[in-house]
Ligand code: G4P
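Residue numbers (the working numbering): 6 to 533.
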């Protein structure tokens, strides 16, 4: 038997959040190269290429084999077991992207130095904030002319409402980019485009008056660095606890494409990022060290090829040791289940595993019994909390195209929503079904699956809403009055909870201000 405590302390499970094209894929690949998990650059890129080349979701589906393999990428580095969870961000941006963040212990945020904080990062950050997830920031593409470091830091602080703490500092940018000064380790790291840094490029400089500095980067850059280092003092010093509670984000600068600054980032990450944390449940907190196994499902990968109806449920292990031969308790159905060939994810490959530990993600083959949010245990009847539905942003009503198949349509919609493909609501005004998603691709997926798996045909009609909030109130009268007055903007979710729909964020903010006795929730869980 393995030593559970040692296995837990070894693990770092995290996600990379960024806006598309900021450099997430490139950075992931460089991490994997450091870990020796892949041999050549480009291995992960293959998946990206297909995403760019087509807007056809069937093409994307063809890549699903690769996409499952890159959903979780595990590798070893400096005696740590690192699990990177993919957060789909291009056309495949959907609720899974948010939900994946419920299964990580920390996050690396990639920002494009030429663009600053962009919309998708902003949204993902909101999800991190719900769980006070620790975040390390990597400002990428320093080899391009971008915003100044101070502008970038201000931009992060003001738009993401998190304090920054630079742990490295760039010397110039674009064509004049000379390297970074690593404030964390007091080392100058010289930049060489397209080359893997070697030991000679890193020089220990504890005092900026060291004449070596002028020799290496010239007088102007030295003076600039000295001025900048004085400025940096306005930022708070690095405080591990503030990072671990999500109040500050340490910042690194570099260029993923040139493999520059990536090793520093990774080394700091394994130093400070938290091992698997305690998790909240309906019966109190579960510590990873607790010997009894427990975990939850945060994603289900359905194969839409009708010939291969296999699904893979992604389970995050929260406590104890998972053993292949054991039966586990599926809390929702109150049944014991045994998984056939549970799969571990190592970069690019899937292997059947015999045991796995907290922080690990395993794939369970499933024929439709498992749902997102389900808890598996060694017999205890608690549920993990914190895996909610997230407020959707794109809404369409569903029109049945074949009246003979209305039952199939209803069943299909319900099952797909249970699976987490999209959220299903019923409008209060006419009881009509309405679908809400966070990504556009989901509608194509639903239509296709309804037709092929449920023989139901439908068409979607767009609605102007851009935000749905779950609403609750302690005052029943206020609630029923609000529902009556705003009937056209009210719906119920699949569990019968009230939902309020708005056309603009501005009008939602106005309602939140005006309706003092009504609580507006951005996830389903905070509402009940
Ligand atoms: P993503 O996963 O966040 O969407 O971004 P990805 O890594 O695919 O990077 C997006 C584009 O930015 C890619 O160029 C990539 O090569 C480039 N890139 C990433 N890091 C850096 C960097 O440090 N400096 C510069 N200058 N560019 C960088 P592309 O042309 O879209 O793709 P490709 O043809 O290079 O694969």
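Backbone N, C-alpha and C define an ideal beta-carbon position, used for all residues, glycine too.
Cα atoms of residue 369 and residue 298: separation of roughly 15 Å, rounded to the nearest angstrom. Within a 10 Å sphere around the beta-carbon of residue 457 sit fewer than 16 other beta-carbons, which makes this residue exposed. With distances taken between CA atoms, residue 504 lies nearest to 478 out of 322, 478 and 80.
DSSP, reduced to helix, strand and coil, places residue 136 outside both helices and strands of the structure shown, so it counts as coil. Look at the beta carbons and you see the region 473–492 not touching the region 131–148: under three pairs across the two are nearer than 8 Å. A contact between stretches requires three or more CB pairs, one per stretch, nearer than 8 Å, and the region 397–416 meets this requirement with the region 442–450.
When the five nearest sequence neighbours on each side are left out, the beta carbons in the same chain lying within less than 8 Å of the beta carbon of residue 240 are those of 158, 168, 169, 170 and 171, in order along the chain.
For residue 169, DSSP records a beta bridge to 254.
Here the C-alpha atom of residue 146 lies approximately 8 Å from the C-alpha atom of residue 262. Rounded to the nearest whole angstrom, the C-alpha separation of residue 192 and residue 30 is 27 Å.
Taking each of 165, 177 and 173 in turn and checking the Cα distance to residue 152, the smallest one comes out for 177. DSSP places residue 480 outside both helix and strand once states are collapsed to three, so it counts as coil. Remark: three or more beta-carbon pairs, one from each stretch, lie closer than 8 Å, so the region 103–115 and the region 23–39 are flagged as touching.
Residue 284 sits close to residue 291, with the two beta carbons spaced by under 8 Å. According to the DSSP assignment, residue 82 belongs to no alpha helix (DSSP H) but to the beta strand (DSSP E) extending over 77–82. Under the DSSP definition of a beta bridge, residue 335 partners with 340 and 381.
Three or more pairs of CB atoms, one per stretch, sit closer than 8 Å, so the region 318–336 contacts the region 375–393. In the DSSP annotation of this structure, the continuous segment of the alpha helix (DSSP H) that includes residue 452 starts and ends at 446–459. Residue 79 and residue 88 have their C-alpha atoms spaced approximately 4 Å apart.
Counted as a single uninterrupted DSSP element, the alpha helix (DSSP H) harbouring residue 14 occupies residues 9–15. A straight-line Cα-Cα distance of about 17 Å links residue 222 and residue 265. Distance from the CA of residue 280 to the CA of residue 463, rounded to the nearest whole angstrom, comes to 46 Å.
DSSP places residue 189 in the coil class of the three-state scheme, outside both helix and strand. Across the structure, residue 529 and residue 468 are spaced so that their CA atoms are roughly 21 Å apart.
For residue 261, the Cβ falls inside the 7 Å cut-off from some heavy atom of ligand 1. In the structure shown, the three-state DSSP call for residue 422 is helix. Annotation for residue 94 indicates a beta carbon within 7 Å of some heavy atom of ligand 1. In the displayed model, residue 416 falls within a helix according to three-state DSSP.
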